[in-house]
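Peer 1: Listed in order, the protein sequences are those of chains L and V.
Following our numbering, the numbering of the first sequence begins with 328 at its first residue and continues without gaps.
Following our numbering, the numbering of the second sequence begins with 1131 at its first residue and continues without gaps.
This structure is in structure tokens; I'll ask about it shortly.
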Amino acid sequence: MPDAATRAGGDAPLLTIDRVSLSYGGADAAVDAPVAVEDVSLTVQSGRFVSIVGPSGCGKSTLLKMVSGLERPSAGSISVSGTPVRGMRRDVGFVFQTDALLPWKTLRDNVGLALRYRGVARAEASRRAQDWLSRVGIGSLGDRYPHQVSGGQRKRASICATMVYEPELMLMDEPFSALDVQTRDLIETDVLRVWEELGNQSIIFVTHDLEEAIAMSDRVIVLTRGPGRIKADYTIDLPRGRDVREIRSDPRFAEIYQKIWGDLRVEVLAAQDRQTTTAR
Amino acid sequence: MNTRLRTKLLAWAAAALTIVLLLGWWQGIDARTASFLSRPVDVIQDLGNWATSPDLRADIGVTLAEAIVGLIVAAIAAIVLAAILNTSRLLADVAEPFIAATNSIPKLALAPLFILVFGIGFNAKVNFVVVSVFFIPFYALFFALRTVDPTIRAHVRILGAGRLHLIRDLYIPAVIGSLTASMRSALAFALVTAVIAELIAATAGIGYQISSAGQNGQPARMLSGVLVIGILGFVLDRLLLLVERPFSRWRIAGRRTT
């Protein structure tokens, strides 16, 4: 079984992005059209936490949307677990930047949704959803509606809604950027803990926050300003079992940060330059 | 007694006093004015007579049937058209100006045409109500569907929702608030247009009774007709609120705890 091979750490990658580009430029391009990416190739093994950083407008979210099947690349191919991505698939999860919970369902029903869509009986789906809520510390909020809980609690529930079906590949698009720093540190540490417990799930994490990327990841990929290309690919060899707040005072952290920031800074400045020129 | 309750009682007392004063003034008007404005006591008396005769029930039945059948047909047509138009952005953009143009036609101007086509019976009234009322639920649904949060839609689709799941878990709950809210205005409007259609040409219904009372110089009957319509509208509105309640339970949940 190919599954067994990946679990045993075999070298068949979970995600393969092969020379993928997406370009826009037609007069009819929608206002919210995603940003272009250019010739991106990337492979990710099972059980890895990979962050993608880059200046705003570099196409990092677009890349995630293509992996999820929400967008189609104009060139190149993407495959997950050896099968090409054509539309949405059940072994991939996506956590959005903004709240995506259904406002008219309780947190427990929201978390159970994916299970219900997979044919799990109501009682069983509800039990497993409750398990997940408890696992991330909001077990007592199962009967609440999204608007009755805090932003951090909603984010925890959103993550549960995706984690509940244990997708092999989890895509996260700046999921914590709207949270305050304290809440964010706590949730990130919990996400790392849950992810380590699951063992062989891979997470692709898009962010513009380099500290966050380093604290969470095994690997940090730097994209250039748009159209995004891969500029650098760093391995983060900090020990696992991390607390995202404590890891920042590790001397190795500062070292890695300096190294990657050198690359990222150039792109951020160039992107800003371009913005001010077009603004004038 | 707390302040809030006292304020409430005071408001009720003031309202009651206003009504009594108005009715008192009305009752006291001179005979010439009363010949076309009638008097409250006469109106009540007429309403009593009308209510004890079999006519009132029949008239209410006719008007209600026109309004409610018209409203239901309009709502179904609105749901179907709004759903079809929202399957494609292009379709919606092409259809929108035509719909806006049709909407701005005063429906009353079409009444003679309806009489010509459908006669002066039940059918004509229902069709007139449908055309007049249609745009209220249609616009509400059309825009509610258009503004369904794309992130939530993407989220639900990625979770594995099929088309029927999307309709059940996303689209229906997303539009039900706008739909029921629009149905409240549509209901009032349906009643109004049914009566207007009866005023123009009819053989039965509250509107017909008002119109013939006008021609026969019976102001009390005219006003009791208006009163009946008001009461009908109020009762129907309360009934609709009862229907709406289960769908807005999640909204109400917020107010209770926070």
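Glycine residues also receive a C-beta, built at the ideal position from the N, C-alpha and C atoms.
1. Quick one: what does DSSP say D366/L is sitting in, helix, strand or coil?
2. Once the 5 residues before and after A1327/V are set aside, which same chain residues still bring their CB inside 8 Å of it?
3. Whole angstroms is fine: what's the gap from G1216/V's alpha carbon to A1291/V's?
4. If I follow the unbroken alpha helix (DSSP H) through M415/L, where does it start and stop?
5. Can you give me the Cβ contacts of Q1251/V inside the same chain, cut-off strictly under 8 Å, excluding the 5 residues immediately before and after it?
6. Among L1300/V, I1288/V, F1264/V and R1287/V, which residue has its Cα nearest to the Cα of T1277/V?
7. Mind listing which residues of the stretch 1354–1380 of chain V have their C-beta closer than 7 Å to chain L's C-betas, in chain order?
8. Thinking just about the alpha-carbon of each residue, which of P494/L, T433/L, L550/L and V394/L is nearest to the one in P411/L?
9. Just list the residues that DSSP pairs F421/L with in beta bridges.
10. Short of 7 Å Cβ to Cβ, which residues in the stretch 1216–1227 of chain V face chain L?
11. By the DSSP assignment, the beta strand (DSSP E) with L349/L in it spans what residues?
12. Does R399/L come out as helix, strand or coil in the three-state DSSP assignment?
13. Please state whether DSSP places R443/L in a helix, a strand or coil.
14. Would you mind giving the Cβ-Cβ distance between A1383/V and Y472/L, rounded to the nearest angstrom? I have them listed as a contact below 8 Å.
15. Using a Cβ-Cβ cut-off of less than 7 Å, list which residues of the stretch 428–451 of chain L approach chain V; keep chain order.
16. So F1272/V packs on A1212/V, CB below 8 Å; how close in whole Å?
17. Which residues in chain L have a C-beta closer than 7 Å to the C-beta of L1271/V? List them in chain order.
18. State buried or exposed for A339/L, treating a residue as buried only when at least 16 other CB atoms are found within 10 Å of its CB.
19. I want to see whether chain L comes within less than 8 Å of A1334/V, judged by CB atoms only; does it?
20. Between which two residues does the beta strand (DSSP E) containing L550/L stretch?
21. Using the C-alpha atoms, what's the distance from V1263/V back to W1180/V?
22. Figure out for me which residue from I1340/V, R1187/V, L1370/V and L1362/V has the closest Cα to the Cα of S1312/V.
23. Pull up the DSSP beta-bridge partners for G555/L, would you.
24. Rounded to the nearest angstrom, what separates A1284/V and R1187/V at their Cα positions?
25. Just the chain V side, please: which residues come within less than 9 Å of L397/L by C-beta, in chain order?
26. I want to verify the contact list: residues of chain V whose CB lies under 7 Å from the CB of R417/L, in sequence order.
27. Considering only residues of the stretch 494–538 of chain L, which uninterrupted beta strand (DSSP E) runs meet the minimum length of 3 residues and lie entirely inside it, listed in chain order?
28. What does DSSP give as the partner residue(s) for T562/L in the beta ladder?
29. Looking at R552/L and the ligand FMN, is the gap between the Cβ and the nearest heavy atom below 7 Å?
30. Report yes or no: is there a C-beta of chain V within less than 8 Å of the C-beta of G420/L?
31. Along the stretch 465–476 of chain L, what residues have a CB closer than 8 Å to any CB found in chain V?
32. Judging by CA-CA distance, which residue of A1316/V, A1145/V, A1239/V and L1151/V is the nearest neighbour of I1206/V?
33. Listing by chain order, which chain L residues have their CB less than 8 Å from the CB of D1299/V?
34. Is there at least one Cβ from chain L nearer than 8 Å to T1277/V's Cβ?
35. By a C-beta neighbour count over all protein chains shown, 10 Å radius and 16 as the cutoff for buried, is A354/L buried or exposed?
36. Using 10 angstroms around the beta-carbon of K482/L, count the other beta-carbons present and answer buried if the total reaches 16, otherwise exposed.
Peer 2: So, to answer that:
1. Taking the first residue of the first sequence as position 1, residue 366/L is located at position 39. Strand, per DSSP.
2. Residue mapping note: residue 1327/V aligns to position 197 of the second sequence, counting from 1. Answer for A1327/V: E1196, A1241, F1244, A1254, K1255, F1258, V1259 and G1337, listed in chain order.
3. For the purposes of this step, residue 1216/V is taken as residue 86 along the second sequence, with counting starting at 1. For the purposes of this step, residue 1291/V is taken as residue 161 along the second sequence, with counting starting at 1. Before going further, note that residue 1216/V is Asn rather than Gly in the sequence given. Distance between the alpha carbons of N1216/V and A1291/V is about 19 Å.
4. Locating residue 415/L in the first sequence gives position 88, counting from the first residue. Run containing M415/L: none; DSSP gives neither H nor E here.
5. In the second sequence, the residue the question calls residue 1251/V occupies position 121. The sequence shown places Gly at residue 1251/V, not Gln. Within the same chain, G1251/V has close Cβ partners T1333.
6. Within the second sequence, residue 1277/V is the residue found at index 147, counting from 1. Checking every option, the nearest Cα to that of T1277/V belongs to L1300/V.
7. W1380
8. Here the question's residue 411/L lines up with position 84 in the first sequence. The shortest Cα separation from P411/L among P494/L, T433/L, L550/L and V394/L belongs to V394/L.
9. As a first step, residue 421/L must be located in the first sequence, where it is residue number 94. F421/L pairs with L498/L.
10. none
11. Translated into positions along the first sequence, residue 349/L becomes position 22. Element bounds for L349/L: L342 to L349.
12. As a working note, residue 399/L is residue 72 in the first sequence. In this structure, R399/L counts as coil in the three-state DSSP scheme.
13. Stepping through the first sequence from its first residue, residue 443/L is reached at position 116. Correct three-state label for R443/L: helix.
14. Taking the first residue of the second sequence as position 1, residue 1383/V is located at position 253. Taking the first residue of the first sequence as position 1, residue 472/L is located at position 145. With a Cβ gap of about 5 Å, A1383/V and Y472/L count as contacting.
15. L429, P430, W431, L440, A441, Y444 and R445
16. As a first step, residue 1272/V must be located in the second sequence, where it is residue number 142. As a first step, residue 1212/V must be located in the second sequence, where it is residue number 82. Indeed they touch by this definition, with Cβ atoms about 5 Å apart.
17. Residue 1271/V sits at position 141 when you count from the first residue of the second sequence. Under the 7 Å cutoff, chain L gives no residues; its nearest Cβ is about 17 Å from L1271/V.
18. For this step, residue 339/L is matched to residue 12 along the first sequence. A339/L should be labelled exposed.
19. In the second sequence, the residue the question calls residue 1334/V occupies position 204. Closer than 8 Å: no.
20. The residue labelled residue 550/L in the question sits at position 223 within the first sequence. From DSSP, the beta strand (DSSP E) with L550/L extends over R546 to L550.
21. Position 50 of the second sequence holds residue 1180/V. Position 133 of the second sequence holds residue 1263/V. Approximately 29 Å, taken between the alpha carbons.
22. Along the second sequence, read from residue 1 onward, the residue named residue 1312/V stands at position 182. Residue L1370/V is the option with its Cα nearest to S1312/V.
23. One-based indexing of the first sequence puts residue 555/L at position 228. According to DSSP, which records beta bridges pairwise, G555/L is partnered with V364/L.
24. Taking the second sequence and counting its residues from 1, the one referred to as residue 1284/V is at position 154. Taking the second sequence and counting its residues from 1, the one referred to as residue 1187/V is at position 57. Rounded to the nearest angstrom, the two C-alpha atoms are 53 Å apart.
25. Here residue 397/L corresponds to residue number 70 of the first sequence, with the count starting at 1. Near L397/L (Cβ distances below 9 Å), the residues of chain V are A1284, R1287 and I1288.
26. Sequence index remark: in the first sequence, residue 417/L carries index 90 (1-based). Correct list: G1290.
27. 496–500 and 529–534
28. Indexing the first sequence from 1 puts residue 562/L at position 235. For T562/L, which the question treats as bridged, DSSP gives the partners R546/L.
29. This structure lacks the ligand FMN; in fact it carries no ligand of any kind.
30. Stepping through the first sequence from its first residue, residue 420/L is reached at position 93. At least one chain V Cβ lies under 8 Å of G420/L.
31. R471, Y472, H474 and Q475
32. Position 76 of the second sequence, counted from the start, is the residue given in the question as residue 1206/V. I1206/V has its Cα closest to that of A1316/V, out of A1316/V, A1145/V, A1239/V and L1151/V.
33. Against the second sequence, residue 1299/V aligns to sequence position 169. Those are L429, K432 and L440, listed as they occur along chain L.
34. For the purposes of this step, residue 1277/V is taken as the residue at position 147 of the second sequence. False, the Cβ-Cβ gap to chain L never drops below 8 Å.
35. Numbered from its first residue, the first sequence carries residue 354/L at position 27. Caution is warranted here: a pLDDT of 40 is assigned to A354/L, below 50, making its placement in the model unreliable, and no coordinate value can be reported.
36. If you number the first sequence from 1, residue 482/L lands on position 155. K482/L should be labelled buried.
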